[in-house]
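Engineer:
Protein chains: 2
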Amino acid sequence: MVGPMNSTAKIRLYVDHPLGEGQCVPLDRDQAHYLFGVMRQGAGDPVLLFNGRDGEWLAHVTQAGKRAGELACDTQTRPLQMPPDLWLMFAPIKKARTDFIVEKAAELGAARILPVQTAFTNAERIRQDRLQAHAVEAAEQCGGTFVPEVCDLQRLDRLLDGWDGARRILFCDEGLAGASPALPGFFRDEGAAPPDSGPWAILIGPEGGFSDAERARLRDMRCARAISLGPRILRADTAAVAALTLWQLALGDWR
Amino acid sequence: MVGPMNSTAKIRLYVDHPLGEGQCVPLDRDQAHYLFGVMRQGAGDPVLLFNGRDGEWLAHVTQAGKRAGELACDTQTRPLQMPPDLWLMFAPIKKARTDFIVEKAAELGAARILPVQTAFTNAERIRQDRLQAHAVEAAEQCGGTFVPEVCDLQRLDRLLDGWDGARRILFCDEGLAGASPALPGFFRDEGAAPPDSGPWAILIGPEGGFSDAERARLRDMRCARAISLGPRILRADTAAVAALTLWQLALGDWR
């Protein structure tokens, strides 16, 4: 689907540079190649810019070269729109599905994305830079003005060691699938709470599920709540999208 | 995530053959290659079978060959579990994302999947057989006993010409993004209706959105209801998963 673009600008570009009235924005080699080589833009052409901090700005090309270029900001078209304070923690799976989870988390409005290594996670490392680029691309495509930070892979047990109990954890336990559907009741109850219901994190397990020790530890945490995602077993990437959707509807900015 | 398998059987296989006590099930070349070549199973080994009609059966290998084989059914491990009477209609997009939509619809419990050609759909044809295979694989992976039918591509206008008004349409209109969030209210209202709320179809548009004519026609249909999926613009594949999730929670079998 096409983003809510200014009618005169066909391209939306993320830049890691301050944006403001009259601000000049240099382009690096890749950006210049994309804008002038691939997208055939030239001097004077309008482009929408965002940097994840200063909202969205209508800019125009002031210098177009093969390896560099420059834009100048004209007017702010949208303010920065922050997503709710929701983290997505997930155990990396196969490459395409991990990419997909990051893209969908950025689209659906997670504030921070934390790949975690659980007892049954096969991945030893991730390409953080590549995943961050996926989050940027998702924001470019989908009209977002914010880009969630993708953290480097960390061990779930260590992350939980230092956990701030003020951030509640929605723990998607595939062991509950087919059990009594606790989920709708949970979301309806929570939905009745005051709108500003504080920070949350969604936790999605790996293909092998959580270990008994992990499950026991999470169940003992007062801030953690296990839910089931319906009667069918969902793949981890499906579970991530479903949980983000349900949280946004019940507690986030889809209300 | 691992499906709810019998502890003795590691493999779940879809077969297009009747299943029942003592029933012999011949394997075709591809199935024999997968089961005996790739998965290294042999005579006597247990396998779970389903065919989308007769539930799930524990079977064992009676003949294992390079190009053929045979299984015999022992006991039914689960009855057929039908999803709710929900169709997913979507405009095909890029290959990987179309595959993804079919996979997710099968996982999340759609009964039928209908690729539709809208005014702004680029695809002229689809590989129906390949998409059907994706639905089968999703059911194999996710413990489903039902496989949704994937229809061949048809024109949306013709489909609507013959539409049975008893099947309501949930029409995800990206033009509403950022507008008043009609969605939660819609789902809460509908959630209060009697449990058996009849057949539905979710309709997801292509990247370019619906045409004005399509939008006007859908808005004039008494059985159709337009909703917004939150304040951010979602890609078509994300919109499909989000809409399926919300429908299952409000009206389907996640209640």
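Quick note, the sequences are listed as chains P and G, same order.
With my numbering as the guide, the letters of the first sequence map in order to residues 1 to 255.
With my numbering as the guide, the letters of the second sequence map in order to residues 1001 to 1255.
We put the beta carbon where it would ideally sit given N, CA and C, even for glycine.
#1: Thinking just about the alpha-carbon of each residue, which of P:D45, P:E107, P:I227, P:G69 is nearest to the one in V15 (chain P)?
#2: With H, G and I counted as helix, E and B as strand and the rest as coil, what does DSSP make of A1111 (chain G)?
#3: What residue range does the beta strand (DSSP E) around W1247 (chain G) cover?
#4: Alpha carbon to alpha carbon, what distance is there between G143 (chain P) and G3 (chain P)?
#5: Which chain G residues are close to I227 (chain P), counting only those with a beta carbon under 8 angstroms from its beta carbon?
#6: Taking Cβ-Cβ distances below 9 angstroms as the criterion, which residues of the region 1219–1253 of chain G are in contact with chain A?
#7: Which residue or residues does DSSP assign as beta-bridge partners of I1204 (chain G)?
#8: In chain P, which residues lie with their C-beta within 7 angstroms of the C-beta of G1162 (chain G)?
#9: Apply the 10 Å Cβ neighbour rule to A1243 (chain G) and answer buried if 16 or more other Cβ atoms are within range, or exposed otherwise.
#10: With a CB to CB cut of under 7 angstroms and the five nearest residues on each side skipped, what residues in its chain are close to Q81 (chain P)?
#11: Between which two residues does the alpha helix (DSSP H) containing V136 (chain P) stretch?
#12: Does any residue of chain P bring its CB to less than 8 angstroms from the CB of L1108 (chain G)?
#13: May I ask you to report which of helix, strand or coil DSSP gives R232 (chain P)?
#14: Return the first residue and the last residue of the beta strand (DSSP E) that E1056 (chain G) is part of.
#15: Whole angstroms are fine: how far does the CA of Q1132 (chain G) sit from the CA of A1096 (chain G)?
#16: Counting only the same chain and skipping the five closest in sequence on each side, list residues whose C-beta sits under 7 angstroms from that of E1140 (chain G).
#17: Going along chain P, which residues have a C-beta under 8 angstroms from K1094 (chain G)?
#18: Per DSSP, I1227 (chain G) forms a beta bridge with which residues?
#19: Which one of G:A1064, G:K1094, G:I1093, G:N1051 has the shortest CA to CA distance from Q1076 (chain G)?
#20: When you compare the region 58–66 of chain P with the region 151–160 of chain P, are there three or more beta-carbon pairs, one atom per stretch, that lie closer than 8 angstroms?
#21: Under the three-state reduction of DSSP, which class applies to H1017 (chain G): helix, strand or coil?
#22: Going by CA-CA distance only, name the one from G:L1249, G:P1231, G:I1169 that's closest to R1217 (chain G).
#23: Quick check on G144 (chain P) - is its C-beta less than 8 angstroms from some C-beta in chain G?
#24: Spell out whether any CB of chain P is found under 8 angstroms from the CB atom of K1010 (chain G).
#25: Q1117 (chain G) CB to nearest chain P CB: under 8 angstroms?
#26: Just to confirm before moving on: does the CB-CB distance between A1138 (chain G) and A1111 (chain G) stay below 8 angstroms?
#27: Would R260 (chain P) and A201 (chain P) qualify as a contact pair, given that the criterion is a beta-carbon distance under 8 angstroms?
#28: Under the three-state reduction of DSSP, which class applies to I1011 (chain G): helix, strand or coil?
#29: Might you give, ordered along the chain, the residues of its own chain that have their beta carbon closer than 6 angstroms to the beta carbon of L1088 (chain G), omitting 5 neighbours on each side?
#30: Under the assumption that C172 (chain P) contacts I227 (chain P) (Cβ atoms under 8 angstroms), give the Cβ distance between them as a whole number of angstroms.
#31: Tell me which residues of the region 63–83 of chain P have at least one Cβ-Cβ distance to chain G shorter than 9 angstroms, keeping chain order.
Structural biologist: So, from the listed chains and residues:
#1: Cα-wise, what sits closest to V15 (chain P) is P:G69.
#2: The answer is coil: DSSP assigns A1111 (chain G) none of H, G, I, E or B.
#3: No beta strand (DSSP E) contains W1247 (chain G), which is instead part of the alpha helix (DSSP H) from 1236–1250.
#4: Unreliable placement is indicated for G3 (chain P), whose pLDDT of 38 sits below 50; the coordinate value is still reported in the next sentence. When the Cα atoms are used, G3 (chain P) and G143 (chain P) turn out to be separated by approximately 5 angstroms.
#5: Correct list: empty, because the minimum Cβ distance to chain G is about 10 angstroms.
#6: Any reference to chain A falls outside this structure, whose protein chains are P and G.
#7: For I1204 (chain G), the beta-bridge partners assigned by DSSP are G:F1090, G:C1172.
#8: Those do not exist, as G1162 (chain G) stays about 27 angstroms from chain P at its closest Cβ, beyond 7 angstroms.
#9: By the Cβ neighbour-count rule, A1243 (chain G) is buried, with 16 or more other Cβ atoms within 10 Å of its own.
#10: The answer, listed in chain order, is T145, F146.
#11: Looking at the DSSP string, the run of the alpha helix (DSSP H) that includes V136 (chain P) is 128–141.
#12: So, interface residue.
#13: Correct three-state label for R232 (chain P): coil.
#14: It spans 1056–1064 - the beta strand (DSSP E) in which E1056 (chain G) sits, taken as one unbroken run.
#15: Cα-Cα distance, rounded: 14 angstroms.
#16: Excluding residues up to 5 positions away in sequence, R1012, L1013, Y1014 lie with their Cβ nearer than 7 angstroms to the Cβ of E1140 (chain G) in the same chain.
#17: Those within 8 angstroms of K1094 (chain G) in chain P number zero; the least Cβ separation is about 12 angstroms.
#18: G:C1172.
#19: Closest in C-alpha terms to Q1076 (chain G), from the list G:A1064, G:K1094, G:I1093, G:N1051, comes G:N1051.
#20: At 8 angstroms Cβ cutoff, the stretches do not touch.
#21: DSSP places H1017 (chain G) outside both helix and strand once states are collapsed to three, so it counts as coil.
#22: Nearest to R1217 (chain G) by C-alpha distance, out of G:L1249, G:P1231, G:I1169, is G:I1169.
#23: Answer yes: the Cβ-Cβ gap between G144 (chain P) and chain G drops below 8 angstroms somewhere.
#24: K1010 (chain G) has a beta carbon lying at 8 angstroms or more from every beta carbon in chain P.
#25: Judged by the 8 angstroms Cβ criterion, Q1117 (chain G) is not in contact with chain P.
#26: No, the Cβ-Cβ distance between A1138 (chain G) and A1111 (chain G) is not below 8 angstroms.
#27: In the structure displayed, chain P extends from 1 to 255; residue 260 (chain P) sits before or after that span and is not available.
#28: The DSSP-derived three-state label of I1011 (chain G) is coil.
#29: Hits under 6 angstroms: A1105, A1110, I1113, I1202.
#30: Indeed, because the Cβ distance is near 6 angstroms, the residues count as touching under 8 angstroms.
#31: Within the region 63–83 of chain P, contact with chain G at the beta-carbon level (separation under 9 angstroms) is assigned to Q81, P83.
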